[in-house]
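J.: A single structure is presented below for examination.
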Amino acid sequence: GAALADARQGGGEGIRIFSAEKRSRQLDADQLETDLRLALHRGEIGIVFQPQYPVYDHRISGVEALARWNHPIYGPLGAGILFGTAERSDYMLPLSAHIQAEALRQAAAWPSALSNLRLSINVTAADISQPGFMVDFLGQVDRSGFPRSRLTVEITESGLIQDVDAAAALLTALRSEGLAVAIDDFGTGYSSLAYLKGLPLDYLKIDSSLAQDIAGSARDRIIVRGVIHMAKSLGLNVIAEGVETEQQLDLLAREGCDYYQGFLRSAGVSSPELISLVLQG
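One gets our numbering by counting positions in the sequence shown from 1 and adding 66 to each.
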């Protein structure tokens, strides 16, 4: 999800983002909340797209839209600060709607060379709790002109678990409207996998903590193997997040992972940078 993925996938900006987050802990929470409300109007909340690749291919197959807060004083603030502030200030819904709309707007303007790319957009627990969310979201998608058939909606495991029944109903409805659905950050602490059987999913995204530890931890490799086997038995494609080394990628490929994203190939990039990456092959 955007909240975690941006912090994980900051790319070359990782050190600056970390430093900014460390400094911002000293900031007054109320001031950050005020700044966030102004940030949307000032255009400080930006979007980057992190490429996703098939494990046996170097061509980009899709992207995940991630949020960045370009604070006028503190520079780039990671999504942990962004979404934490939004949750405290009850500002998740407008923030999420802004990120979704901006990602769709930019993706709809991509040239034909990118016409095969899938776009993944994050949906929050706050979104799911809104009765009219699906109608509003689908309206947003259709107004943008981006094809439903190339759109994947991601919800984090933690967001889904808050109300599994409500999430299942929403995801079922979204799939019936032609969208694909992914569970994000999978493996972040919930022991029961039984609830997955009843969920209408297309993709399962392995959390970066598991993907990154697969090379050095036999236990994590066993967990990843079990997760991938389970996902395959349910007919799901598997995407590994936060892949940083060739060794991690090789082990994930051997276990049957389908796609990956992470520092190994690319951090989040702007639309122009993404277009260049695709054109370069």
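Glycine included, each C-beta is placed from N, C-alpha and C at the ideal position.
Quantities reported herein were computed from a predicted structural model and do not represent experimental measurements.
Which complete beta strand (DSSP E) runs does the stretch 243-292 hold, if anything under 3 residues is left out?
T.: Listed in chain order, they are 246-252, 269-272.
J.: For a test of the three-state rule: what should DSSP assign to Pro197, helix, strand or coil?
T.: Pro197 falls in the coil class under three-state DSSP.
J.: To the nearest angstrom, how far is it from the Cα of Val121 to the Cα of Tyr325?
T.: Approximately 5 angstroms, taken between the alpha carbons.
J.: So, is Glu87 buried or exposed, given that buried needs 16 or more other C-beta atoms within 10 angstroms?
T.: Confidence is the limiting factor: at Glu87 the pLDDT is only 49, short of 50, which leaves the residue's position unreliable, though a coordinate-based value still follows. When all chains shown are included, Glu87 counts as buried.
J.: Using the beta-carbon count (16 or more within 10 Å), is Thr100 buried or exposed?
T.: Thr100 should be labelled exposed.
J.: Look up Ser332 in the DSSP assignment and give the residues it is bridged to.
T.: Bridge partners of Ser332: Gly328.
J.: Between Leu343 and Ser332, how many whole angstroms is the CB-CB distance? I'm expecting something under 8 angstroms.
T.: Right, the Cβ-Cβ distance comes to about 7 angstroms (below 8 angstroms), so this counts as a contact.
J.: Between the beta-carbon of Glu307 and the beta-carbon of Leu330, is there less than 9 angstroms?
T.: Not closer than 9 angstroms, so no.
J.: Would you say the stretch 133-142 touches the stretch 103-119, given that touching needs at least three Cβ pairs under 8 angstroms?
T.: These segments touch.
J.: Do you know how far the Cα of Glu339 is from the Cα of Pro266?
T.: Computed Cα separation, rounded: 33 angstroms.
J.: Would you identify the three-state DSSP class for Phe356, choosing helix, strand or coil?
T.: Residue 356 lies beyond the stretch modelled for the chain, which goes from 67 to 347, so this question has no answer here.
J.: I need the boundaries of the beta strand (DSSP E) containing Gln116, first residue and last residue.
T.: Its beta strand (DSSP E) spans residues 111-120.
J.: For the alpha helix (DSSP H) holding Ile341, just list the boundary residues, first then last.
T.: Start and end: 337-346.
J.: Please report the residue range of the alpha helix (DSSP H) in which Leu315 lies.
T.: First-last of the alpha helix (DSSP H) with Leu315: 312-321.
J.: Using 8 angstroms as the Cβ pair cut-off and three pairs as the minimum, do the stretch 177-185 and the stretch 150-168 touch?
T.: Short answer: they don't touch.
J.: Between which two residues does the alpha helix (DSSP H) containing His124 stretch?
T.: Counting along the chain, His124 falls outside any alpha helix (DSSP H), and DSSP gives it neither H nor E.
J.: So which of Leu132, Ala175, Ile280 has the shortest CA-CA distance to Arg291?
T.: Closest by alpha carbon: Ile280.
J.: Assign Lys376 to buried or exposed, taking buried as 16 or more other Cβ atoms, counted over all protein chains shown, within 10 Å of its Cβ.
T.: Outside the displayed span of the chain (67 to 347) sits residue 376, for which this structure offers no information.
J.: Over the uninterrupted alpha helix (DSSP H) stretch that includes Gly150, give me the two end residues.
T.: From DSSP, the alpha helix (DSSP H) with Gly150 extends over 145-154.
J.: Is the separation between the beta-carbon of Gly334 and that of Gln118 shorter than 9 angstroms?
T.: Contact: no.
J.: Quick one, which of Pro213, Gly198, Pro142 has its alpha-carbon nearest Ala175's?
T.: Nearest option by C-alpha distance: Pro213.
J.: Which residue comes first and which comes last in the beta strand (DSSP E) that contains Ser186?
T.: Element bounds for Ser186: 184-188.
J.: Kindly list the residues whose CB is nearer than 8 angstroms to the CB of Gln313, restricted to its own chain and excluding five residues on each side of it in sequence; keep chain order.
T.: Same-chain partners within the cutoff: Ala281.
J.: Is the beta carbon of Leu217 closer than 9 angstroms to that of Ala29?
T.: Because residue 29 is not part of the residues shown, which for the chain are 67 to 347, the question remains open.
J.: Considering Cα atoms alone, identify which of Ala277, Lys263, Tyr269, Arg320 is closest to Asp250.
T.: Of the listed residues, the one whose Cα sits closest to Asp250 is Tyr269.
J.: Apart from the five residues just before and just after Gln75, which ones in its own chain have a Cβ nearer than 6 angstroms to its Cβ?
T.: Here Gln75 scores only 43 on pLDDT, less than 50, and its place in the model should not be relied on; the value that follows carries that caveat. If we look at Gln75 and ignore the five residues flanking it on each side, its Cβ neighbours are Gln116, Ala333, Gly334.
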